[in-house]
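Undergrad:
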Amino acid sequence: MRGSVRKRGNRWYYSFELPTRNGKRKRIERVGGDTKPEAEKALTTALNELNETGRFFESSKSPLEDYMWYWFAEYALLNLKENTQENYRMVIKKHIAPPIGDIALRDLTPTILQTWINDKRREGYSDKSMSIFRCVINSALRHAVYPWGLLKENPMQYVTMPKRQRKKVSKEEFKIIKRDDLIRIMEYLKSDMPLYMPFHIGLHTGLRVSEVCGLLWRDIDLNEGTLTVERAMVNSKGEWVLSSTKTASSERTIPLGPTIIKLLKEHRLWIKKNKLFYGPHYIDSEHVCVKESGEPITPSSMKYNTNKLKKELQIPFNFHSLRHTHATMLMENGAKIKDIQARLGHSRSAITIDTYSHLTEKMQKESVDIFERALDDIK
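Using this note's numbering, read the sequence shown as starting at 1295 and increasing by one per residue.
#1: Would the region 1484 to 1493 count as touching the region 1548 to 1564 if we require 3 or more Cβ pairs under 8 Å?
#2: Could you please give me the residues that DSSP links to V1299 through a beta bridge?
#3: Since P1549 sits in a beta bridge, which residues does DSSP pair it with?
#4: Using 8 Å as the threshold, is the region 1494 to 1509 in touch with the region 1576 to 1586, meaning 3 or more CB pairs across them?
#5: Is P1593 helix, strand or coil by DSSP?
#6: Should V1430 be labelled buried (16 or more other beta-carbon atoms within 10 Å of its own) or exposed?
#7: DSSP three-state call for D1663: helix, strand or coil?
#8: For the putative contact between L1399 and S1356, defined by C-beta atoms under 8 Å, what is the C-beta separation to the nearest angstrom?
#9: Could you check which residue in E1380, S1298 and G1573 has the C-alpha nearest to that of A1340?
#10: Need the endpoints of the alpha helix (DSSP H) that M1491 sits in, please.
#11: Buried or exposed: where does H1575 fall if 16 or more other Cβ atoms within 10 Å of its Cβ makes it buried?
#12: Using the Cα positions of K1567 and G1326, report the straight-line distance between them to the nearest angstrom.
#13: From the DSSP secondary-structure annotation, give me the bridge partner or partners of V1584.
#14: Assign P1449 to one of three DSSP states: helix, strand, or coil.
#15: Would you mind reading off the limits of the alpha helix (DSSP H) that contains W1410?
#16: Does the separation of the CB atoms of D1513 and E1524 fall below 8 Å?
#17: Using the beta-carbon count (16 or more within 10 Å), is E1518 buried or exposed?
#18: Can you pull the DSSP bridge partners for L1510?
#19: Between which residues of its own chain and E1334 is the CB-CB distance below 6 Å, once the five residues before and five after are set aside?
#20: Here's the rule: buried if 16 or more other CB atoms are within 10 angstroms of the residue's CB, otherwise exposed. What is F1427?
#21: Please return the same chain residues whose Cβ sits closer than 7 Å to the Cβ of Y1490, not counting the five positions on each side in sequence.
#22: Please classify N1304 as buried or exposed, where buried requires at least 16 neighbouring CB atoms within 10 angstroms.
#23: Between the Cα of G1532 and those of P1593, G1639 and G1588, spot the shortest distance and give me the residue it belongs to.
#24: Rounding to the nearest angstrom, what Cα-Cα distance links R1458 and P1331 in this structure?
#25: Should R1349 be labelled buried (16 or more other beta-carbon atoms within 10 Å of its own) or exposed?
#26: For Y1308, count the other beta carbons within 10 Å of its own beta carbon; 16 or more makes it buried, fewer makes it exposed. Which is it?
#27: Using only the alpha-carbon positions, how far apart do L1616 and G1500 sit?
#28: Among S1595, L1372 and W1564, which has the Cα closest to the Cα of N1529?
#29: Assuming the contact rule is C-beta atoms closer than 8 Å, H1494 and I1554 should be a hit. Round their C-beta distance to whole Å, please.
#30: Starting from L1435, follow the beta strand (DSSP E) in both directions and report where the run begins and ends.
#31: What does the Cβ neighbour count give for S1264, buried or exposed, with the cut at 16 atoms within 10 Å?
#32: How is P1331 classed by DSSP in three states: helix, strand or coil?
#33: Relative to the alpha-carbon of K1301, which residue among D1578, I1322, R1321 and T1329 has its alpha-carbon at the smallest distance?
#34: The beta strand (DSSP E) with N1529 in it runs from where to where?
Structure representation (structure tokens):
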């Protein structure tokens, strides 16, 4: 069996064809080293191993980076959603391969992995990012134990997630939009602006930006006054596509108020007028949030238009602020936590409580007032 080496970027790679069970041939390419001789030596080692065992990656001598890409191809690409695949690909490429990718799989120890995860915490990554980092490498190493038998045990099981020093999140840091700023934004936005309909949907429903962009007209029942979240717009290999929602709890049907129903009806008429005006040049789709030409609005265009508005009005907010503002307005006006949880698509009420535990001075004062009224009853 023959193979080849080639330079890509600053590194040398080796490749060869691997026979598969169905008789077809699969091309394998792996990092060989920083020089051509290193890549040629790695190729010879791999081919010898393949000839002796009949399989590739039977040896735990392989570098962790090679193994991670093997796990990615044999597990992640076959079992995970596209958006998750892209996230995992980036984690391997940016966060695992550079610091510890050259270490042989069999040489990984809990100490090495603990240092790696501690360094990630020191770099300032959020709890969510830290959880993803751990999930990726833990899943890969579990598969190395079983079913592939490359390791006797998973060294990641002994690693402790470093805690983050938590600070109380202020209202400003949380980017809740103030009443006066909301009025200014609504006065600024016109019905033909790309941000107009997404803004109002976000404010009135608390949907995530990906969920707003993923809305189709069949998801909205204007007669019953309901909106169903079934999909989200995500980036897959550089293209915006519709995918299933973030979690099972993210799929939900929520009631709509008369204000947003009126705006949606007007928006649908605006779309019909644009179809007549543009004729065959109109980009026809089921998307609710579209530009004048019919082109669906994506999360990236939403970010661009939000930043543009923020600079012009000098108001500190982003699109996700609408979700926080929606939830805050509900809580301040007496909505039940379970109802807010269902509306936002949180899997547990504890998430809703933790996320909005910082709420405004108005709510804190109301709590005192409630207690004082209760105290009056027993005096």
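No residue lacks a Cβ here, since even glycine has one placed at the ideal position from N, Cα and C.
TA: Concretely, from the data shown:
#1: yes
#2: Y1308
#3: Answer is T1520.
#4: yes
#5: helix
#6: If you draw a 10 Å sphere on the C-beta of V1430, you find 16 or more other C-beta atoms in it, and that means buried.
#7: helix
#8: 5 Å
#9: If we check each option's Cα against that of A1340, S1298 comes out closest.
#10: Y1490 to T1499
#11: exposed
#12: 60 Å
#13: P1590
#14: Secondary structure at P1449: helix, using DSSP grouped into helix, strand and coil.
#15: P1404 to R1416
#16: The criterion of a C-beta distance shorter than 8 Å is satisfied by D1513 and E1524.
#17: exposed
#18: Answer by DSSP bridge pairing, in chain order: H1581.
#19: Here the set comprises V1299.
#20: buried
#21: L1483 and K1484
#22: In the assembly as shown, N1304 is an exposed residue. Its beta-carbon has fewer than 16 other beta-carbons within 10 Å.
#23: P1593
#24: Each residue's Cα considered, the two are about 45 Å apart.
#25: With a pLDDT of 46 at R1349, under the threshold of 50, the modelled position of this residue cannot be trusted; read the value that follows with caution. Looking at its Cβ environment, which holds fewer than 16 other Cβ atoms inside 10 Å, R1349 is exposed.
#26: buried
#27: L1616 and G1500 have their alpha carbons spaced roughly 6 Å apart.
#28: S1595
#29: 6 Å
#30: Run containing L1435: none in the beta strand (DSSP E); it sits in the alpha helix (DSSP H), D1421 to V1439.
#31: The structure shown does not extend to residue 1264, since the chain spans only 1295 to 1673, so no value can be given for it.
#32: helix
#33: T1329
#34: R1525 to S1530
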